[in-house]
Amino acid sequence: MTAYISSEKIKQNSEILSNRIRKRYAHLKKRFARNNIDCFRLYDWDIPEIRLVVDWYVGHLVIGEYVRTQSSSYWLAEMANVIGKTLGVPKDNIHIKIRRTKTENELRYKRMDNKEQGFVVNERDLKFKVNLSDFLDTGLYSDHRDTRDILRKYAKGKDFLNLFSYTGSFTCASAFGGANSSISVDRSETNLSWAKENLKLNGIESKYHIMVKSDVDEFLIKAANEKKRFNLAFIDPPSFFKNNAAGKSFDVNEDHPALIKKVLKLMSPKSIVFFSTNHQYFKPRMDNLGIDHIHELTPRTIPEDYRNKKVHRCWKLFA
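Residue 179 in the working numbering is what sits at position 108 of the sequence shown, and the numbering runs on without skipping anything.
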């Protein structure tokens with residue numbers, strides 16, 4: 072049952088949030104504009120009782136609430152209204168998302184609408200298509216903005232493997248860093264088509280950057296049998312997933328060592344593997360991977376606009 076939230080409490084929340092958003096926007100907008108960055112986080116659950124994240128997408132707002140039993144649709148609409156008025160954003164450009172802290176029984180990437188109102192945003196010298204209305208996620212994880220910048224510095228002359236590749240932002244980053252080739256693996260045809268669009272937006276020759284629709288585990292087994300080799304990889308698995316039809320499930324806390332070991336079998340000597348997860352209670356178990364050099368990069372990979380310094384964690388492994 073939804074709890075009652077008084078008009079006085081809503082007014083108080085509105086004033087606090089409006090002041091915070093106004094100051095944050097003024098602080099971030101100019102510096103990101105100088106770096107040609109169109110998308111950034113304005114509010115990151117800064118105030119415990121206002122359980123929102125607010126992202127700026129070049130004149131659009133994506134407002135997500137982490138729902139709880141006390142959540143009220145009226146409260147959320149009022150918060151969205153005050154944020155829009157504070158920044159002068161019209162209602163048609165405000166996109167509300169309902170988020171939950173556990174998604175193992177949900178289809179996170181299920182289509183929510185069919186508006187197909189995508190548009191292009193800049194991230195430094197890269198371009199990406201985003202869609203703010205049709206899915207829970209937008210097509211671009213801005214919390215990995217700096218991770219992409221780090222990875223591309225290692226990409227020159229490399230053969231890159233991108234697992235759970237989503238819309239191919241890391242594939243684009245590797246190509247701009249000078250990768251010779253890449254293979255991007257994802258279970259979703261929608262994601263792979265989106266990734267192809269991103270390659271095209273960035274003028275990247277698709278014949279050297281292959282998209283593979285596959286379960287990642289099945290791909291790794293097949294690639295090992297075919298003796299494929301890579302010297303740069305990025306692994307960003309979901310925290311959980313379950314495929315009842317195939318009788319498969321994945322829990323990143325339990326299954327990441329086995330996943331990383333399978334990837335390492337495909338890596339040439341002196342390769343680099345990046346592993347990342349957004350699981351908020353992740354417990355790394357990397358002591359028995361058979362490699363000596365493992366460095367956590369998390370502080371370097373979290374952008375300044377993210378107050379939550381555990382929005383993801385990231386490691387660099389030297390194979």
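We put the beta carbon where it would ideally sit given N, CA and C, even for glycine.
Same chain only: Cβ atoms within 6 angstroms of asparagine 202, ignoring 5 sequence neighbours per side | Taken in chain order, the residues that qualify are Gly189, Gly210.
Would you kindly check if the distance between the Cβ of arginine 91 and the Cβ of aspartate 109 is under 9 angstroms?
-> In this structure, aspartate 109 sits away from arginine 91, with a CB-CB distance that is not shorter than 9 angstroms.
Go ahead and pull the three-state DSSP assignment for threonine 209.
-> Threonine 209 falls in the coil class under three-state DSSP.
Excluding the five sequence neighbours on either side, which residues of its own chain have a C-beta within less than 7 angstroms of the C-beta of arginine 219, listed in chain order?
-> Correct list, in chain order: Ser240, Phe241, Ala244.
What are the partner residues of asparagine 314, as DSSP defines its beta bridges?
-> In DSSP, asparagine 314 forms a bridge with Lys319.
Within 9 angstroms, strictly: CB atoms of alanine 403 and isoleucine 169 = Here the chain has residues from 72 to 390 only, and residue 403 is not among them.
Just reading off the alpha helix (DSSP H) that asparagine 90 is part of, what are its end residues?
-> For asparagine 90, the enclosing alpha helix (DSSP H) starts and ends at 78-105.
CA-CA distance, aspartate 326 and leucine 158?
-> Straight across, the Cα-Cα distance linking aspartate 326 with leucine 158 is about 43 angstroms.
Near lysine 313, what residues of its chain come up, given a Cβ to Cβ distance below 6 angstroms and the 5 sequence neighbours on each side ignored?
-> The beta carbon of lysine 313 sits closer than 6 angstroms to the beta carbons of Ser320 from its chain, once the five residues preceding and following it are set aside; these are given in chain order.
Reference aspartate 126, options His366, Val160, Asp322, Ser253, closest by Cα = Checked all of His366, Val160, Asp322, Ser253; the closest Cα to aspartate 126 is Val160.
Tell me where the beta strand (DSSP E) around lysine 354 begins and ends.
-> Run containing lysine 354: none; DSSP gives neither H nor E here.
Indicate the three-state DSSP secondary structure (helix, strand or coil) for threonine 348 in the structure shown.
-> Of the three classes helix, strand and coil, the one that applies to threonine 348 here is strand, per DSSP.
Using 8 angstroms as the threshold, is the segment 222-230 in touch with the segment 354-362, meaning 3 or more CB pairs across them?
-> Judged by Cβ distances under 8 angstroms, the segment 222-230 makes no contact with the segment 354-362, as fewer than three pairs qualify.
Beta-carbon gap between isoleucine 281 and isoleucine 254 smaller than 9 angstroms = Less than 9 angstroms divides the Cβ of isoleucine 281 from the Cβ of isoleucine 254.
Reducing DSSP to helix, strand and coil, say where histidine 166 ends up.
-> Note: histidine 166 maps to strand in three-state DSSP.
What is the DSSP secondary structure of glycine 159, reduced to helix, strand or coil?
-> In the structure shown, glycine 159 adopts coil according to DSSP, grouped into three states.
Where threonine 352 falls, given that 16 or more other Cβ within 10 Å makes a residue buried = Inspection of the sequence shows that residue 352 is occupied by tyrosine rather than by threonine. Around the beta carbon of tyrosine 352, a 10 Å sphere encloses fewer than 16 other beta carbons of the protein chains shown; the residue is thus reported as exposed.
Only counting runs of 3 or more residues, tell me where the beta strand (DSSP E) segments fall wholly within the segment 267-293, in order along the chain.
-> Listed in chain order, they are 280-284.
What is the rounded straight-line gap between the Cα of proline 328 and the Cα of serine 277?
-> Using only the alpha carbons, I get a separation of about 32 angstroms.
7 angstroms Cβ shell around aspartate 392 - same chain, five flanking residues per side excluded | Limits of the chain in this structure are 72 at one end and 390 at the other, which puts residue 392 out of reach.
Helix, strand or coil at lysine 380 according to DSSP, with G and I counted as helix | Correct three-state label for lysine 380: coil.
Flag this pair as yes or no: are the beta carbons of phenylalanine 346 and aspartate 376 separated by less than 9 angstroms?
-> No, Cβ-Cβ distance for phenylalanine 346 and aspartate 376 is not below 9 angstroms.
Based on Cα-Cα distance, which residue from Asn273, Ala295, Arg258, Ala317 lies nearest to valine 287?
-> Comparing Cα positions, the closest option is Arg258.
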